[in-house]
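Report on the following structure.
Written out as structure tokens, the structure reads:
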């Protein structure tokens, strides 16, 4: 249980209390039967967003410190995540960094443009704040948007949960593919392995362990 820190336990329990992490019988978009499901769309209160921002900010601080220019939150779920992370980086850690996000449709009146908030500049080091990564689609959409505005560097991306699932290439997760293709490190607050270890500490969830083990053996790269 060396990897299961108190911070990870708090985050897993926070997801469960928020009805974001659920256990049962589910089918993913890729058609895989899974005993657990993560739906970040269920975060819907100010208190939940506050806690979420604190968890993200702590991870960004741990990984990057203040060594980056700005945070980008892809529309739509990345928008409140980037904003909340910026708030608690400043409030909890004294790291005051700008954030920005994209419009789904470029505005052709008023201030115009396809980005809201900070406007990236050549040489910027941008970190991406997102909820999860499955096939890397959001990232592949985000990079051209950023590169169209300026010659920026993206070294790090932060997500809630790393499902560790095999991607388009056998034996590799989507996160591994992103690292190989773009050189971007993806950092998760918790992984599926952390969730499995947490269930092992709870007598009321131990019946799920065989299901989790079977799913991870079939679909995960650990």
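Residue numbers (the numbering used here): 155 to 376. For every residue, glycine included, the Cβ atom is placed at its ideal position computed from N, Cα and C. From a predicted model like this one, the values you see are computed outputs, not experimental measurements.
With 16 other Cβ atoms within 10 Å as the buried cut-off, status of residue i
i: residue 213; result: buried
i: residue 244; result: exposed
i: residue 294; result: exposed
i: residue 239; result: buried
i: residue 290; result: buried
i: residue 323; result: exposed
i: residue 351; result: buried
i: residue 182; result: exposed
i: residue 186; result: exposed
Cα-Cα separation between residue i and residue j, rounded to whole angstroms
i: residue 353; j: residue 301; result: 42 Å
i: residue 263; j: residue 271; result: Below a pLDDT of 50, predicted positions are generally treated as unreliable, and residue 263, at 47, falls in that range; no measurement from the model is reported.
i: residue 231; j: residue 303; result: 21 Å
i: residue 320; j: residue 356; result: 27 Å
i: residue 208; j: residue 343; result: 11 Å
i: residue 368; j: residue 180; result: 14 Å
i: residue 170; j: residue 204; result: 16 Å
i: residue 235; j: residue 347; result: 23 Å
i: residue 296; j: residue 228; result: 7 Å
i: residue 380; j: residue 193; result: No information on residue 380 is available, as it lies outside the stretch 155 to 376 that the chain covers here.
i: residue 159; j: residue 325; result: 27 Å
i: residue 254; j: residue 274; result: 9 Å
i: residue 196; j: residue 172; result: 7 Å
i: residue 218; j: residue 249; result: 11 Å
i: residue 206; j: residue 292; result: 20 Å
i: residue 242; j: residue 161; result: 16 Å
i: residue 317; j: residue 305; result: 31 Å
i: residue 338; j: residue 177; result: 31 Å
i: residue 364; j: residue 336; result: 36 Å
i: residue 168; j: residue 334; result: 32 Å
i: residue 202; j: residue 372; result: 33 Å
Residue i: first and last residue of the uninterrupted beta strand (DSSP E) it sits in
i: residue 315; result: 307 to 316
i: residue 159; result: Premise fails: residue 159 is in no beta strand (DSSP E) and is neither H nor E.
i: residue 342; result: 339 to 345
CB of residue i within 9 Å of CB of residue j, strictly
i: residue 349; j: residue 308; result: no
i: residue 345; j: residue 375; result: no
i: residue 285; j: residue 224; result: no
i: residue 311; j: residue 340; result: yes
i: residue 359; j: residue 281; result: no
i: residue 268; j: residue 276; result: no
i: residue 175; j: residue 163; result: no
i: residue 210; j: residue 362; result: no
i: residue 251; j: residue 220; result: yes
i: residue 287; j: residue 332; result: yes
i: residue 246; j: residue 215; result: yes
Boundaries of the alpha helix (DSSP H) in which residue i is found, first to last residue
i: residue 299; result: 291 to 303
i: residue 200; result: 200 to 218
i: residue 334; result: 328 to 336
i: residue 373; result: 363 to 373
Cutoff 9 Å: residue i Cβ touching any chain D Cβ
i: residue 310; result: Any reference to chain D falls outside this structure, which holds one protein chain only.
Contact test: residue i Cβ vs the ligand SAM heavy atom, cutoff 8 Å
i: residue 212; result: The model on display carries no ligand, and the ligand SAM is accordingly not part of it.
- Item | Length-filtered (4 minimum) alpha helix (DSSP H) runs lying within the region 163 to 187 | none
- In chain order, which alpha helix (DSSP H) runs of at least 4 residues are fully inside the region 220 to 288? 232 to 247
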